[in-house]
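*Asks:*
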Amino acid sequence: MLTYASLPMACKTILATLLFLTMIAGLCTCILVGKKQGGAKLFLLPMCTAVIAAMLLLYASVIPAERAPANIPTISLWFAQQSVVFSLLVWLAIAAFFGMVMMEERSRRKKAITPSSIKESLDQLETGLCFSQPNGLVLLTNHRMNQLSHALFGKALQNAELFWQALVCQEPVAGAVRITAGERPEFRLPDDTIWTFHREELDGVIQIAAADTTRQHQLVDELRSKHSELEEMNARIRTYGDKVDEYVIARERLETRVNLHGFLGQALLMTRHYLQYETGDANRIIDIWQRNIDVLRLEAEPQQDADSLASLRNAAKAIGIQVHVNGQLPENAQQRKLIAAVGAETLTNAVRHAGAKQLWIDVEKTENAYIIRYTNDGTEPTATVTEGGGLSTARRKIETAGGQMKMETEPRFTLTIIFEKGVGMDV
Amino acid sequence: MYNVLIVEDDPMARKLLEIFISTSQSYHLLPSLDSAAMAELYCMTNRVDLILMDVCTAMDANGIEVAEKLKQLYPQTKIIIITSQPEYSYIAHARKIGVDSFWYKEPTAEALLKIMDRTMAGESIYPDSAPITRLGAALSNDFTERELEVLRELVSGKTDAAIAETLCLSVTRVKQHILRIREKTQFANRTELAVRARESGLVIGEYRGE
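Protein chains in written order, with my numbering: chain A, 2 to 428; chain B, 113 to 322.
(1) Expressed to the nearest angstrom, what Euclidean distance is found between the alpha-carbon atoms of Leu20/A and Ala11/A?
(2) Any beta carbon from chain B within less than 7 Å of Lys227/A's own beta carbon?
(3) Over the uninterrupted alpha helix (DSSP H) stretch that includes Leu225/B, give me the two end residues.
(4) Hey, could you find the ends of the alpha helix (DSSP H) Val307/B is sitting in?
(5) In the DSSP assignment, what are the bridge partners of Trp196/A?
(6) What is the residue span of the alpha helix (DSSP H) that Ala316/A lies within?
(7) How about Ala212/A and Thr142/A: do their beta carbons lie closer than 7 Å?
(8) Check Cys12/A in the structure and name its three-state DSSP category.
(9) By a C-beta neighbour count over all protein chains shown, 10 Å radius and 16 as the cutoff for buried, is Ala41/A buried or exposed?
(10) Assign Met146/A to buried or exposed, taking buried as 16 or more other Cβ atoms, counted over all protein chains shown, within 10 Å of its Cβ.
(11) Please give me, in chain order, every unbroken run of the beta strand (DSSP E) with length at least 3 that falls completely inside the region 151 to 235 of chain B.
(12) Decide if Leu276/A is buried, meaning its Cβ has at least 16 other Cβ atoms within 10 Å, or exposed.
(13) Would you verify that the beta carbon of Lys338/A is, or is not, closer than 7 Å to some beta carbon of chain D?
(14) Report the CB separation of Arg175/B from Thr245/B in whole angstroms; it is logged as a contact under 8 Å.
(15) If you follow the beta strand (DSSP E) that Asp363/A is part of, which residue opens it and which one closes it?
(16) Could you check which residue in Met103/A, Leu8/A, Leu310/A and Val86/A has the C-alpha nearest to that of Thr23/A?
(17) Less than 7 Å between the C-beta atoms of Thr376/A and Thr415/A, yes or no?
(18) Check whether the Cβ atoms of Ala250/B and Thr297/B sit closer than 7 Å, and answer yes or no.
(19) If we ignore side chains and look at the alpha-carbon of each, how far apart do Phe98/A and Ala17/A end up?
(20) For the alpha helix (DSSP H) that contains Val315/B, what are its first and last residues?
(21) Let me confirm a value: Thr280/A is counted as buried when at least 16 other C-beta atoms fall within 10 Å, else exposed. Which label applies?
(22) Taking CB distances under 7 Å as the criterion, tell me whether Ala397/A reaches chain B.
(23) To which residues of the same chain is Gly155/A closer than 7 Å at the C-beta, ignoring the five residues directly before and after it?
(24) Are there 16 or more other CB atoms within 10 angstroms of the CB of Leu305/B, so buried, or fewer, so exposed?
(25) Mind listing the chain A neighbours of Gly313/B? Cutoff is C-beta to C-beta under 7 Å, in chain order.
(26) Which residue comes first and which comes last in the beta strand (DSSP E) that contains Ala370/A?
(27) So, does the CB of Ile320/A fall closer than 7 Å to a CB anywhere in chain B?
(28) Only counting the same chain, and skipping five residues up and downstream in sequence, which positions put a Cβ closer than 7 Å to that of Trp165/A?
(29) Are the Cβ atoms of Val386/A and Thr410/A separated by less than 7 Å?
(30) Rounding to the nearest angstrom, what Cα-Cα distance links Phe299/B and Met232/B in this structure?
(31) Is it true that the region 113 to 121 of chain B meets the region 165 to 172 of chain B, where meeting means three or more beta-carbon pairs spaced less than 8 Å apart?
(32) Mapping the DSSP letters down to three states, classify Lys407/A as helix, strand or coil.
(33) Exposed or buried, what is Glu230/A when buried is set at 16 or more other beta-carbons lying within 10 Å of its beta-carbon?
(34) Give the straight-line distance between the Cα atoms of Ala69/A and Arg107/A, rounded to the nearest whole angstrom.
(35) Can the beta-carbon of Asp212/B be found less than 7 Å from the beta-carbon of Lys190/B?
(36) Mapping DSSP to helix, strand and coil, what is Ala69/A?
The structure is reproduced here in C-alpha cells:
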C-alpha cells in the first residue's frame with residue numbers, strides 16, 4: 002500500500018505545503034466571514050482550529066524519513082502510515098468545505114444591498130434619476146440621467162438645481178427639441194425618443210426623474226388622429242341630421258298625398274252612387290269635391306317651404322299687425338330663420354307689454370357683418386327690460402350660430418342681432 | 113262653436129287637418145300658422161279655444177315648449193299635441209307640462225274629431241305609448257331610457273366625451289351604452305346607428321323633453 006510515509010521526500014513536502022496553505026486560506030476566510038456575519042458563523046473558528054491541528058499532524062508525517070521516530074508523536078506516525086488516498090481525501094474535503102464557505106460568502110455579497118449595488122442597479126434603469134440636496138449637490142445620479150444631460154445640454158450633470166433650471170427654461174443643444182416647458186418639461190432627442198422630466202421633494206432630498214414617454218406620445222398622436230376622424234364623422238352626422246329633416250318632411254308629404262288620393266277615390270264612389278241611384282246628399286258631395294279640388298290644387302303647386310320672414314309677415318297681418326322689413330337680408334336660410342324667430346318673439350313681447358301695432362326689422366349689411374335691428378311703435382318701457390324665456394332661447398340659438406344679440410332701451414327699445422362674417426355661418 | 117288654431121309647418125298636412133275639421137259643425141277654423149312662435153300672439157289677439165299643435169314647426173319653434181307657456185298664460189285654451197314622430201319622450205313631456213291631449217296623426221277625420229270632441233268635453237286623451245318603431249334588429253321598446261338618451265346625443269353629432277358631459281356619465285359608460293345599442297340594432301358602426309336612428313324619428317336630436 003502506498004502510504005504517505007513511503008512517498009519521496011519532495012512529494013511529501015509539496016503535498017504538506019499545499020495542505021498547509023489551503024488551511025491558512027480557509028482559516029482567513031472563516032475569520033472574515035465569522036466577523037462579518039456575527040455569531041451565526043462562529044462555529045467555523047473551532048472547526049478551522051481542529052483542521053489546522055490535523056494538518057500539522059500531516060506535516061509532521063513528513064519527518065520520519067529525516068528524524069528519529071522517537072521525536073514524532075504517535076498520531077503523526079499513525080497518519081504517516083495511512084494510505085495517500087486517505088490523505089488526499091482529507092485534503093479534498095477540507096478544500097471543498099472552504100470552497101463552499103467562500104461561495105456562500107460571494108453569493109451573500111451579491112444579494113446584500115450596498116452603496117455600490119444601489120448605484121449599479123440605478124445605472125441599469127431605463128428611467129433617468131438624480132437625487133440631490135436642495136442646494137443642488139448631487140447625492141446620486143444614474144447613467145441615463147447623465148446621458149440625458151449630455152444629450153440636452155452637452156455637459157455632465159454636476160448641479161441638480163442648475164440642471165433643473167435648464168430643463169425648465171433653457172433651450173437644448175442642436176438636435177434636441179423642447180416640446181413643453183414648465184413643471185413637466187418634455188424634450189425630443191436626436192434619436193426621436195421623447196423624455197419627460199419631473200421634480201419632487203422627498204424628505205429633504207430632491208428627486209429629478211426622467212421617463213421615456215415616446216410610446217405615450219405616439220399613442221396620444223394616434224388618439225388625436227382618431228379623435229379628429231371622429232370629429233369629422235360627427236360633423237357629417239350633424240350635416241346629415243339637417244338633411245334628414247327634409248327627407249322626413251318629404252316622406253310625410255308623400256303619406257299625406259296617398260291619403261288625399263284616398264279621399265278622391267271616396268268622392269268618386271259617392272258621386273257614382275249618387276248618379277246611379279240618385280240618392281245621397283248632393284251638397285255634401287259638392288263640398289267633398291270642392292275640398293278635393295283645393296287639395297289637388299295645393300298638390301299641383303310646387304311644395305316650397307314658405308320663407309320664414311314671409312310667414313311672420315303674413316301671420317302678423319292676419320291679426321292686424323304690420324311687419325316691415327327693410328334692407329338686404331342674408332341669403333343664408335338658417336340666418337333668415339333666426340331673424341324671423343327673433344322677430345316673432347320681439348313682436349309677441351311688443352304687443353303684450355307695449356301694445357305695438359307695427360314692427361320694423363332693419364337690416365344693415367356692412368363689409369364684415371349683417372346687423373339686424375328690431376324696433377316697434379309700442380310704448381317705451383318704463384322699467385328695466387329683462388330677458389325672458391323666449392328671448393333667452395333666441396339668444397342661445399343666435400350664439401350657437403355664431404351671432405350676437407344685445408338689447409338697448411335708450412333712446413328707444415331696440416333689439417340688435419349681429420352675424421359677423423367668418424364666425425359660425427358665413428354671411 | 114269652438115275656435116280652432118292649427119299650428120303645422122307642412123302645408124299639405126295643414127290643409128288635410130283643415131279639411132278634417134271643416135267637416136264638423138262644432139269648430140271654426142282660425143287662420144292656420146306654420147310656426148309655434150306666432151301662437152302666443154294669436155292667443156293674445158283672438159279667442160282661441162283649441163290649438164292643434166305640431167311639435168316641429170317653422171322657425172325651429174318647438175310646439176311642446178310653446179304649449180307649456182300657453183298653458184300658463186291661457187289655461188282655458190285646450191291644446192292637443194299632434195305629431196307623426198315616434199320620439200319616445202314627447203308624450204311624457206306633454207303630460208308633464210299640462211297639455212290636454214296627444215294625438216299621433218292618422219289619415220282619418222273621425223279619429224281627429226273624436227279626440228277634439230272629447231278634449232273639449234274636458235277629457236285628457238293620451239296614447240299609452242309612442243308607436244313602436246324598428247331600429248335595425250331592435251324595436252324601440254328594446255332600449256332602456258338611458259340608452260335612448262345616449263342615442264339622442266349621438267344623433268346630434270356629439271363625441272363620446274361631449275355626451276358624457278351632457279348626461280353626467282363617464283366616457284366609459286357612454287361607450288358601453290353605445291356598444292349595447294349597436295349590439296341590439298346590429299348596426300356595423302356608430303355612423304350607421306346615428307343615421308338610422310335619426311331617420312326613424314325615435315329620437316330627435318337636440319330635443320331633450322326638459
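All C-beta atoms in this analysis are idealised placements derived from N, C-alpha and C, irrespective of residue type, glycine included.
Quantities reported herein were computed from a predicted structural model and do not represent experimental measurements.
*Replies:* Judging by the given coordinates:
(1) As a position in the first sequence, residue 20/A is number 19, starting the count at 1. As a position in the first sequence, residue 11/A is number 10, starting the count at 1. Taking the straight line joining both Cα atoms gives about 14 Å.
(2) As a first step, residue 227/A must be located in the first sequence, where it is residue number 226. Lys227/A does not count as touching chain B.
(3) The residue given as residue 225/B occupies position 113 in the second sequence. It spans Ala221 to Met232 - the alpha helix (DSSP H) in which Leu225/B sits, taken as one unbroken run.
(4) The residue you call residue 307/B lines up with position 195 of the second sequence. First-last of the alpha helix (DSSP H) with Val307/B: Arg302 to Ser312.
(5) For the purposes of this step, residue 196/A is taken as the residue at position 195 of the first sequence. BP columns for Trp196/A point to Phe188/A and Asp213/A.
(6) Against the first sequence, residue 316/A aligns to sequence position 315. Taken as a continuous stretch (DSSP letters only), the alpha helix (DSSP H) holding Ala316/A covers Ser309 to Ala319.
(7) For the purposes of this step, residue 212/A is identified with residue 211 of the first sequence, where counting begins at 1. For the purposes of this step, residue 142/A is identified with residue 141 of the first sequence, where counting begins at 1. Not closer than 7 Å, so no.
(8) The residue you call residue 12/A lines up with position 11 of the first sequence. Three-state DSSP puts Cys12/A in a helix.
(9) Along the first sequence, one-based indexing puts residue 41/A at 40. With a pLDDT of 45 at Ala41/A, under the threshold of 50, the predicted position of this residue should be treated as unreliable, and no value is reported.
(10) Sequence index remark: in the first sequence, residue 146/A carries index 145 (1-based). Per the 10 Å Cβ criterion, buried.
(11) 162 to 166, 190 to 195 and 213 to 216
(12) Here residue 276/A corresponds to residue number 275 of the first sequence, with the count starting at 1. With fewer than 16 other Cβ atoms within 10 Å, it is exposed.
(13) In the structure shown, chain D does not exist; the protein chains are A and B.
(14) Position 63 of the second sequence holds residue 175/B. Position 133 of the second sequence holds residue 245/B. It is Gly, not Arg, that sits at residue 175/B in the sequence shown. Rounded, the Cβ-Cβ distance is 20 Å, inconsistent with contact.
(15) For the purposes of this step, residue 363/A is taken as residue 362 along the first sequence, with counting starting at 1. Note, Asp363/A: beta strand (DSSP E), Gln359 to Lys366.
(16) The residue labelled residue 23/A in the question sits at position 22 within the first sequence. Comparing Cα-Cα distances from Thr23/A to each of Met103/A, Leu8/A, Leu310/A and Val86/A, the minimum goes to Met103/A.
(17) Working through the first sequence from its first residue, we reach residue 376/A at position 375. Working through the first sequence from its first residue, we reach residue 415/A at position 414. Yes. Within cutoff.
(18) Numbered from 1 along the second sequence, position 138 holds the residue referred to as residue 250/B. Numbered from 1 along the second sequence, position 185 holds the residue referred to as residue 297/B. It is a contact, given that the beta carbons lie within the stated cut-off.
(19) For the purposes of this step, residue 98/A is taken as residue 97 along the first sequence, with counting starting at 1. For the purposes of this step, residue 17/A is taken as residue 16 along the first sequence, with counting starting at 1. Their backbone Cα atoms lie some 18 Å apart in a straight line.
(20) Here residue 315/B is taken as the residue at index 203 of the second sequence, counted from 1. Per DSSP, Val315/B belongs to no alpha helix (DSSP H) and is neither H nor E.
(21) Taking the first residue of the first sequence as position 1, residue 280/A is located at position 279. It is exposed - the Cβ of Thr280/A has fewer than 16 other Cβ atoms within 10 Å.
(22) Translated into positions along the first sequence, residue 397/A becomes position 396. Note on residue identity: the sequence assigns Arg, not Ala, to residue 397/A. No - not a single Cβ of chain B is within 7 Å of the one on Arg397/A.
(23) For the purposes of this step, residue 155/A is taken as residue 154 along the first sequence, with counting starting at 1. Closer than 7 Å at the Cβ level, and outside the excluded window around Gly155/A, lie Val174.
(24) Here residue 305/B is taken as the residue at index 193 of the second sequence, counted from 1. Result: buried.
(25) In the second sequence, the residue the question calls residue 313/B occupies position 201. Those are Val249, listed as they occur along chain A.
(26) Here residue 370/A is taken as the residue at index 369 of the first sequence, counted from 1. Looking at the DSSP string, the run of the beta strand (DSSP E) that includes Ala370/A is Ala370 to Asn377.
(27) The count along the first sequence starts at 1 and reaches residue 320/A at position 319. Yes, Ile320/A lies at the interface with chain B (some Cβ there is under 7 Å from its Cβ).
(28) Translated into the one-based positions of the first sequence, residue 165/A becomes position 164. So the list reads Arg200 and Ile209, once near-sequence residues are dropped.
(29) On the first sequence, position 385 is the one that residue 386/A refers to. On the first sequence, position 409 is the one that residue 410/A refers to. Cβ distance < 7 Å, so Val386/A and Thr410/A count as in contact.
(30) Within the second sequence, numbered from 1, the residue matching residue 299/B stands at position 187. Within the second sequence, numbered from 1, the residue matching residue 232/B stands at position 120. Answer to the nearest angstrom: the Cα atoms are 45 Å apart.
(31) yes
(32) Taking the first sequence and counting its residues from 1, one reaches residue 407/A at position 406. In this structure, Lys407/A counts as strand in the three-state DSSP scheme.
(33) Walking along the first sequence from the start, residue 230/A turns up at place 229. Its Cβ having fewer than 16 others within 10 Å, Glu230/A is exposed.
(34) Translated into positions along the first sequence, residue 69/A becomes position 68. Translated into positions along the first sequence, residue 107/A becomes position 106. Any answer about Ala69/A is weak, because its pLDDT of 46 lies below 50 and its placement is not dependable; what the coordinates show is given next. Each residue's Cα considered, the two are about 46 Å apart.
(35) Against the second sequence, residue 212/B aligns to sequence position 100. Against the second sequence, residue 190/B aligns to sequence position 78. Cβ atoms of Asp212/B and Lys190/B: closer than 7 Å.
(36) Your numbering for residue 69/A matches position 68 in the first sequence. Reliability fails at Ala69/A, whose pLDDT of 46 lies under 50, so the model's placement of it is uncertain and no value is given.
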